[in-house]
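Visitor: If you read the sequences in order, they're chains A and B. The working numbering puts the last residue of the first sequence at 110; the count rises by one with no breaks. The working numbering puts the last residue of the second sequence at 222; the count rises by one with no breaks. Positions of the beta carbon are idealized from the N, C-alpha and C atoms, including for glycine. Handing you this structure, nothing more for now.
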Amino acid sequence: DTAVSQTPKYLVTQMGNDKSIKCEQNLGHDTMYWYKQDSKKFLKIMFSYNNKELIINETVPNRFSPKSPDKAHLNLHINSLELGDSAVYFCASSQGGSQYFGPGTRLLVL
Amino acid sequence: QKEVEQNSGPLSVPEGAIASLNCTYSDRVSQSFFWYRQYSGKSPELIMSIYSNGDKEDGRFTAQLNKASQYVSLLIRDSQPSDSATYLCAANSGGGADGLTFGKGTHLIIQP
Chain A
1 DTAVSQTPKY LVTQMGNDKS IKCEQNLGHD TMYWYKQDSK KFLKIMFSYN NKELIINETV
61 PNRFSPKSPD KAHLNLHINS LELGDSAVYF CASSQGGSQY FGPGTRLLVL
Chain B
111 QKEVEQNSGP LSVPEGAIAS LNCTYSDRVS QSFFWYRQYS GKSPELIMSI YSNGDKEDGR
171 FTAQLNKASQ YVSLLIRDSQ PSDSATYLCA ANSGGGADGL TFGKGTHLII QP
């Protein structure tokens, strides 16, 4: 059983397109997150959702919009993709403490 | 601005020796600290969490926290080649929904 899963694993797309990444956790956690890991491997928080409510929104362009249909799912929609959006996007979940990461989605914008 | 600093390495350690990884953090409000291991092309995997000053041991791993010095460390005893990876230090200001602030990671190489 995969605790935190993401789809797709790889995403290659053209500049200007809109794409979505999906995340699901079966750990029963209340909080889910999106992180971005850039080409230099620096991992940075983007969003946090607690019980379907956005808790933090770091300085992320508004082209990125998280959506949580229920507390087990947190999707990330990206509009008007730019070259600089190329990165690995990780979903994570926690229950007030340690965070557990999904396998990541490698996004390449051409 | 919250920052977590790590030496990027690479840190090269002979097999069987103790690997010592260090981390400092800037935000005095930080209450929870974590060490993650990340293999190339894989996701971060939680190794240790530590919340109180002192040492916490789990198998071959020992995490150490000194809040006065704003310093966190990870010791890996009897290092194995499979321990070769990037180790990420992370801090959390304590709120349940807070995202983690990560360091840039230390690349550890265990030499057989």
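Figure out for me which residue from 158/B, 212/B, 162/B and 134/B has the closest Cα to the Cα of residue 43/A.
Guide: Selected option, being the one with the closest Cα: 212/B.
Visitor: Which residues in chain A sit within 9 Å of residue 169/B, going by Cβ to Cβ distance?
Guide: Those within 9 Å of residue 169/B in chain A number zero; the least Cβ separation is about 16 Å.
Visitor: Are the C-beta of residue 164/B and some C-beta of chain A separated by less than 7 Å?
Guide: By this cut-off, residue 164/B is not an interface position.
Visitor: In three-state DSSP terms, what is residue 85/A?
Guide: It is helical.
Visitor: Once the 5 residues before and after residue 77/A are set aside, which same chain residues still bring their CB inside 6 Å of it?
Guide: For residue 77/A, where only same-chain residues beyond five positions count, the Cβ hits under 6 Å are 20 and 65.
Visitor: Compute the beta-carbon to beta-carbon distance between residue 4/A and residue 100/A, rounded to the nearest angstrom, for a pair I have assumed lies under 8 Å.
Guide: Yes, they are in contact, since the Cβ atoms of residue 4/A and residue 100/A sit about 6 Å apart, within 8 Å.
Visitor: Any residues in the region 135-167 of chain B with a beta carbon nearer than 9 Å to a beta carbon of chain A? Which ones, in chain order?
Guide: Within the region 135-167 of chain B, the residues whose Cβ lies closer than 9 Å to some Cβ of chain A are 142, 144, 146, 148, 151, 152, 153, 154, 155, 156, 159 and 161, listed in chain order.
Visitor: Below 8 Å on C-beta distance, what does residue 103/A contact in chain B?
Guide: Here the neighbours are 152 and 153.
Visitor: Going by DSSP, name the residue or residues bridged to residue 35/A.
Guide: Residue 35/A is bridged to 45/A and 90/A.
Visitor: Could you compute how far the alpha carbon of residue 62/A sits from the alpha carbon of residue 55/A?
Guide: If I take the Cα positions, the gap works out to 16 Å.
Visitor: Helix, strand or coil: which one does DSSP assign to residue 68/A?
Guide: Correct three-state label for residue 68/A: strand.
Visitor: Would you say residue 43/A faces chain B, with C-beta separation under 7 Å as the test?
Guide: Yes, its Cβ sits closer than 7 Å to a Cβ of chain B.
Visitor: In chain order, what residues of the same chain lie with their CB nearer than 6 Å to the CB of residue 94/A, ignoring the 5 residues before and after it?
Guide: Once the five neighbours on either side are set aside, the close Cβ partners of residue 94/A are 29 and 31.
Visitor: Taking residue 17/A and residue 81/A to be in contact with their CB atoms under 8 Å, please state how far apart those CB atoms are, rounded to whole angstroms.
Guide: That belief holds up - the Cβ atoms of residue 17/A and residue 81/A are roughly 5 Å apart, short of 8 Å.
Visitor: I'd like to know if residue 5/A contacts chain B, where contact means its C-beta is closer than 7 Å to some C-beta of that chain.
Guide: By this cut-off, residue 5/A is not an interface position.
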